[in-house]
Amino acid sequence: MYWNESIETLNTAELQDLQLQRLRDTVRRAAHSPFYGERLRQAGVTPENIKSLEDLRRIPFTTKDDLRAHGKEMLTVPLTDIVRVHASSGTSGQATEIYYTKEDINAWAELVARSMYMTGMRPADVFQNMMGYGLFTGGLGFHYGAERLGALTIPAGAGNSRRQIQLMQQFKTTALHIIPSYALYLLQTFDKAGVDPRSLNLRLAFIGAEPHTEEMRGRIEAAYGVKAYNSYGLSEMNGPGVAFECPEQNGMHVWEDAFLLEVADPRTLEPAAPGELGELVFTNLTRRGMPILRYRTRDLASYDPQPCSCGRAHRRISRIQGRSDDMLIVKGVNIFPIQIEKILLAMPEVYTNYLVELTRENFNDVLHVKVEVQEAFFHEGLKSLQHLQKRLTEALKSELLVTPKVELVEPHTLPQSEGKAVRVVDRRE
Ligand code: COA
Ligand code: AMP
Ligand code: ZN
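Each residue of the sequence shown is one higher than the one before, starting from 60 at the first, in this note's numbering.
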């Protein structure tokens, strides 16, 4: 039932002792990096003067902007000791780069293996990983975890719907890692192929990377004949394997031996009470190459301090209820509106006034981008406009990693940006 029984069954007091010791070690390591060396010095924080977990609050928060501005300055080891980099979202300075040593990769794989084992996955399972490989953490993170667990692992990657079904048939897949909206979208491909997912060997699904409802989980479980478990993680804290549901399916256990959890009111940044919605803040407790302290995730959730009937005291968080910033998740890919602005700014044929509309058509996310064409260019004829639309689509796809539907509109027909114009309308369920 447990992958790492001694750690998974620690009681709250034992967990806190371990966390305190690891927090001191982490602060000691972090101080070797130029970024935290300076931050911690300014805050007067040393490993020795961390007397209790309360002292965590003397350490300043780390934000995504810190990571964008100082990424490599957070390294505690020479670059030659780094073996992997991951990055989340596009390329225009919005991506955050996360660096891993060999030890970090192993520790991450352990956490993912522990998470999957908790749900009942075993070495005899056949695991099909349908997340994006490449710089996304979902692909390689789960891949290494599944191999560590000992399951036959199919690196299917995202997309290629027909082939996904063929792979499930060919290898008798029993466990899936899949984005929840795509799991529902894929049902149409099953339908067209005349295959009932319930007739295959599937029994488990790990769903995550985007917010989803209990109802969506229910639909996935019914259509595929599986138990579906919510999986939460973010690149800044390795990737997947930060919090995961147990067989109780009643909140996600945060692996508190590896991550120190805080839930903070996003306005005051004061601690939120149990059950109260707040922003998740995490501190790495075991990472070597690039430990991050008090990272403001911008993900909104609440926590439940009650031990779970599965025997684990690691606290549980609710589903992610939203974000406290303007980041969008489209087809499992993180997008910031500023990325769209940067692309438009580089195109002299359009104004920078734009409107983004998100819809879900047949469970597939659609990113509509409406852009105003410059007065002079608007009259150049249909061919030029079509060409412009194509170029814009390609430039946006290359930046955002998802293909938008670009709609060119007449000049001065979109709402003007007076103060903070509403540029994003999310019409997804
Ligand atoms: N996951 C996996 N595949 C997806 C998907 C998703 N969320 N959304 C769409 N697809 C499939 C489509 O069905 C299509 O395959 P098909 O034509 O064989 O059915 C293929 O991907 C391309 O679809 P399209 O809508 O043209 O995609 P796009 O160009 O807008 O985006 C993706 C390309 C899907 C590859 C990209 O959005 C992606 O990699 N998503 C997964 C991200 C991920 O793994 N996140 C985890 C982060 S930890
Ligand atoms: P990335 O850093 O690219 O791995 O993206 C991490 C972000 O994806 C998180 O901060 C969340 O906003 C989102 N995310 C990941 N897992 C989940 C999940 N299970 N439910 C809701 N959102 C999720
Ligand atoms: Zn539990």
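Even for Gly, the Cβ is constructed at its ideal location relative to N, Cα and C.
Check, Outcome
"Go through its chain and collect everything with a Cβ distance to residue 354's Cβ below 6 angstroms, but skip five positions before and after it.", "121, 295 and 341"
"Should residue 291 be counted as a contact of the ligand AMP given a C-beta to heavy atom distance under 7 angstroms?", "yes"
"What is the rounded straight-line gap between the Cα of residue 153 and the Cα of residue 235?", "30 angstroms"
"Please report the residue range of the alpha helix (DSSP H) in which residue 460 lies.", "That residue, residue 460, is in no alpha helix (DSSP H); it is neither H nor E in DSSP."
"Could you say if the segment 213 to 225 and the segment 310 to 327 meet the contact criterion of at least three C-beta pairs nearer than 8 angstroms?", "no"
"Buried or exposed, going by whether 16 or more other CB atoms sit within 10 Å of the CB of residue 233?", "buried"
"Please list, in chain order, all residues of the same chain as residue 205 whose beta carbon is under 6 angstroms from its beta carbon, the five residues on each side excluded.", "186 and 212"
"Considering only DSSP beta bridges, list what residue 418 is partnered with.", "425"
"Give every residue whose Cβ lies closer than 6 angstroms to any heavy atom of the ligand ZN, listed in chain order.", "305, 307, 312, 367, 369 and 371"
"Three or more C-beta pairs closer than 8 angstroms, one from the segment 284 to 301 and one from the segment 139 to 148: is that the case here?", "yes"
"Would the C-beta of residue 358 count as close to the ligand AMP, meaning under 7 angstroms from any of its heavy atoms?", "yes"
"I'd like the list of long-range same chain contacts for residue 359, defined as Cβ closer than 8 angstroms, with 5 residues on each side in sequence excluded.", "325, 336, 337, 338, 339, 379, 380, 381, 382 and 383"
"Would the beta-carbon of residue 303 be found less than 7 angstroms away from any heavy atom of the ligand AMP?", "no"
"Output the residue ranges of the beta strand (DSSP E) runs that lie fully inside the segment 284 to 365 and measure 3 residues or longer, sorted by chain position.", "286 to 293, 298 to 304, 311 to 313, 318 to 323, 337 to 343 and 354 to 360"
"Can you tell me where the beta strand (DSSP E) holding residue 146 begins and where it ends?", "141 to 147"
"Take the Cβ of residue 125 as the centre, count every other Cβ of all protein chains shown within 10 Å, and call the residue buried at 16 or more, exposed below.", "buried"
"Check the C-beta distance from residue 238 over to residue 210 and give it rounded, since I have them as a contact under 8 angstroms.", "Residue 238 to residue 210, Cβ: 20 angstroms. No contact."
"Flag this pair as yes or no: are the beta carbons of residue 217 and residue 177 separated by less than 8 angstroms?", "no"
"Which runs of the beta strand (DSSP E) at least 3 residues long sit entirely within the segment 100 to 179? Give them in chain order.", "141 to 147 and 155 to 160"
"Grouping DSSP H, G and I as helix and E and B as strand, with all else coil, what is residue 267?", "strand"
"Is the segment 396 to 409 in contact with the segment 92 to 102, if contact means three or more CB pairs nearer than 8 angstroms?", "no"
"Skipping 5 residues on each side, what residues in its chain have a beta carbon closer than 6 angstroms to that of residue 265?", "236, 288 and 290"
"Sorted by chain position, which residues of the same chain lie with C-beta nearer than 6 angstroms to residue 196's C-beta, five sequence neighbours on each side aside?", "145, 294 and 298"
"Are at least three pairs of beta-carbons, each pair with one atom in the segment 386 to 393 and one in the segment 341 to 352, less than 8 angstroms apart?", "no"
"Please report the Cβ distance between residue 243 and residue 422, rounded to the nearest whole angstrom; I am assuming they are in contact, meaning their Cβ atoms lie under 8 angstroms.", "4 angstroms"
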